[in-house]
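Protein sequences appear in the order of chains G and R. With the numbering used here as the guide, the letters of the first sequence map in order to residues -9 to 290. With the numbering used here as the guide, the letters of the second sequence map in order to residues 3 to 94.
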Amino acid sequence: MGVMKRVQLVFKAKANKALDKMEDPRETLDYSYQRQLELLTKVRRGVADVATSRKRVELQMNQLQQQANKLDDQARKALGLGREDLARDALTRKSSAQSQLNDLQGQYAQLQAEEEKLTVASQRLQAKVDAFRTRKETIKATYTAAEAQTRINEAFSGISEEMGDVGMAIQRAEDKTAQMQARAGAIDELMASGALDDVGGRRDDIQAELDQLSANSDVESELRRLRGEIAANAPKQLEVGPNGDGGQGGNGEQAQSQAQSAPYAPPAPTQNPQQAAQAAGIPVSDLPSANDQPQDGEGP
Amino acid sequence: MIVRILGEGQFRVDDNATPGLNHLDTELETAVERGDEPAFKAALTGLLAQVRAQGSPLPPDTLEPSDLILPHQDSSMDEVRKLLTDEGLIPG
Chain G
-9 MGVMKRVQLV
1 FKAKANKALD
11 KMEDPRETLD
21 YSYQRQLELL
31 TKVRRGVADV
41 ATSRKRVELQ
51 MNQLQQQANK
61 LDDQARKALG
71 LGREDLARDA
81 LTRKSSAQSQ
91 LNDLQGQYAQ
101 LQAEEEKLTV
111 ASQRLQAKVD
121 AFRTRKETIK
131 ATYTAAEAQT
141 RINEAFSGIS
151 EEMGDVGMAI
161 QRAEDKTAQM
171 QARAGAIDEL
181 MASGALDDVG
191 GRRDDIQAEL
201 DQLSANSDVE
211 SELRRLRGEI
221 AANAPKQLEV
231 GPNGDGGQGG
241 NGEQAQSQAQ
251 SAPYAPPAPT
261 QNPQQAAQAA
271 GIPVSDLPSA
281 NDQPQDGEGP
Chain R
3 MIVRILGEGQ
13 FRVDDNATPG
23 LNHLDTELET
33 AVERGDEPAF
43 KAALTGLLAQ
53 VRAQGSPLPP
63 DTLEPSDLIL
73 PHQDSSMDEV
83 RKLLTDEGLI
93 PG
């Protein structure tokens, strides 16, 4: 005997066993109908549970996608700022987020399929339960208890098989949902731990470093701007200055050494190299060291 | 003949299809006995495909019991083994 027949016999045996428990066949009808309604409630709850699980996975997928986009953006910025190490770090995290995302996509598809199957199962069961109710009333109205037996057995076997099938489908969906929930929980934990750096979660260290880098680069560009302004203004002042002849090489060197030593010469009449140079009639542009000297020890 | 695919519903299949189904069913049974997963998958997929192709779905409000019952598409061999025992997977 093949598998198909054996499975059918197992289902049939199950139905017969339930039938044998009933003393009054009419009682069977009502009892079975109650069980059917319970199962209908259960399968609908099953559909809702799977849908909830699916939505949770969907939410996580969105979060992971945002995270992957953000990390990609960070990698781009880091590279732009010449920090390949930071970019590498961001891309490593992105790849981890991406692989979680791929995993979730598979789970999502499974949950969606499970939800569809259960929805169809619940519709099929509903149709059979309605048919059973009609049959039940007819049997009760038309037949005596003895006569009813065969018809009751028929109706009962048909619905019992469906109930067994739907019951198994609910069980499968529950198992799958439980698995998914465990994995969804694991991903939530992973996000909370910062391994994937949840969007809007704890302070993001790559972002912190990028912010710092970009703040520094803002300071640098401000400095360049200010220096530019000063350099642009300098020649005008020279025109009105005394001995505005542009200076000579010898004088330049002299001014330069004077400029370098100026901070260390307390009685010097001027306090900074530019002023010193101007006083000496030397254009500031001839004093490279004065302008290029780092002011705060934080060179580029 | 009425064939149920678990998780899918019932199909009315012409009796002419029986030899083909029986052939695959024997392969399925042998595969389960031997624990041969690839053969099991192949036989099950073939059986389901034949029932779907040659059968016509029964209206959902029929209360007729099936003559044959097939495991669902994604069944593992282990599930089918359990299904074949009284203590198996059928709830209630």
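All C-beta atoms, glycine included, are put in the ideal place defined by N, C-alpha and C. Computed from a predicted model, the values in this text were never measured in an experiment.
Reference residue i, options the options, closest by Cα
i, options, result
"residue 81(G)", "195(G), 132(G) and 64(G)", "64(G)"
"residue 31(G)", "-7(G), -2(G), 179(G) and 108(G)", "108(G)"
"residue 51(R)", "19(R), 39(R) and 62(R)", "19(R)"
"residue 148(G)", "3(G), 85(G), 181(G) and 178(G)", "3(G)"
"residue 101(G)", "200(G), 170(G) and 28(G)", "170(G)"
"residue 86(R)", "0(G), 127(G) and 33(G)", "0(G)"
"residue 56(G)", "33(G), 181(G) and 168(G)", "181(G)"
"residue 54(G)", "24(G), 73(G) and 94(G)", "94(G)"
"residue 196(G)", "136(G), 224(G), 75(G) and 213(G)", "75(G)"
"residue 24(G)", "172(G), -8(G), 126(G) and -3(G)", "126(G)"
Under the three-state DSSP convention, the category residue i falls into
i, result
"residue 59(R)", "strand"
"residue 169(G)", "helix"
"residue 12(R)", "strand"
"residue 125(G)", "helix"
"residue 72(R)", "strand"
"residue 73(G)", "coil"
"residue 251(G)", "Residue placement at residue 251(G) cannot be trusted, given a pLDDT of 45 that sits under 50; what the coordinates show is reported in the next sentence. Correct three-state label for residue 251(G): helix."
"residue 7(G)", "helix"
Cut-off 8 Å between Cβ atoms - residues of its own chain near residue i, not counting five sequence neighbours on either side
i, result
"residue 60(R)", "4, 11, 12, 13, 14 and 66"
"residue 130(G)", "16, 19 and 138"
"residue 69(G)", "77"
"residue 116(G)", "30"
"residue 68(R)", "4, 5, 6 and 12"
"residue 44(G)", "98, 101, 102 and 105"
"residue 51(G)", "91, 94, 95 and 98"
Per-residue contacts from residue i into chain G (C-beta, under 8 Å)
i, result
"residue 17(R)", "Result: empty, since nearest Cβ-Cβ is about 14 Å, beyond 8 Å."
"residue 57(R)", "Correct list: empty, because the minimum Cβ distance to chain G is about 13 Å."
"residue 64(R)", "118, 121 and 148"
"residue 73(R)", "-7 and -3"
"residue 31(R)", "-8 and -7"
"residue 50(R)", "By Cβ distance, chain G contributes nothing, its closest Cβ being about 11 Å from residue 50(R), past 8 Å."
Own chain partners of residue i with C-beta closer than 6 Å, once the 5 adjacent residues on each side are dropped
i, result
"residue 33(R)", "41, 42 and 45"
"residue 56(R)", "15 and 19"
"residue 12(G)", "18"
"residue 36(G)", "108, 160 and 163"
"residue 104(G)", "40, 163 and 166"
7 Å Cβ cut-off: residues of chain G touching residue i
i, result
"residue 144(R)", "Coverage of chain R is limited to positions 3 through 94, which leaves residue 144(R) absent and any answer about it impossible."
"residue 11(R)", "114"
7 Å CB neighbourhood of residue i in its chain, flanking five on each side removed
i, result
"residue 82(R)", "34 and 73"
"residue 8(R)", "71, 72, 73 and 74"
"residue 46(G)", "174"
"residue 58(G)", "84, 87, 88 and 91"
"residue 133(G)", "141"
"residue 67(G)", "200"
"residue 291(G)", "Absent from the model: residue 291(G). The displayed extent of chain G is -9 to 290, so no value can be given."
Amino acids of chain R, ordered along the chain, whose beta-carbon sits closer than 8 Å to that of residue i
i, result
"residue 72(G)", "What residue 72(G) touches in chain R: nothing, since even the nearest Cβ is about 52 Å away."
"residue 155(G)", "6, 8 and 9"
"residue 151(G)", "6, 67, 68 and 71"
"residue 2(G)", "67"
Listed by chain order, chain R residues near residue i by CB distance under 9 Å
i, result
"residue 168(G)", "In chain order: nothing, as chain R lies at least about 16 Å away."
"residue 126(G)", "The contacting residues do not exist; residue 126(G) stays about 10 Å from chain R at best."
"residue 48(G)", "The premise fails here: residue 48(G) is roughly 22 Å from chain R at the closest Cβ pair, so nothing lies under 9 Å."
Residue i CB to nearest heavy atom of the ligand FAD below 7 Å
i, result
"residue 123(G)", "Inclusion of the ligand FAD in the displayed structure is not the case, the ligand content being empty and no account of it being possible."
Where residue i meets chain G, residues with beta-carbon distance less than 9 Å
i, result
"residue 69(R)", "-6, -5 and -2"
Contacts of residue i in chain R (Cβ-Cβ under 7 Å)
i, result
"residue 107(G)", "9"
Next on the checklist: Quick check on the DSSP output: what are the complete alpha helix (DSSP H) runs of length 4 or more inside the segment 132 to 176 of chain G, in order along the chain?
Outcome noted: With a minimum length of 4 residues, no continuous alpha helix (DSSP H) run stays inside the segment 132 to 176 of chain G.
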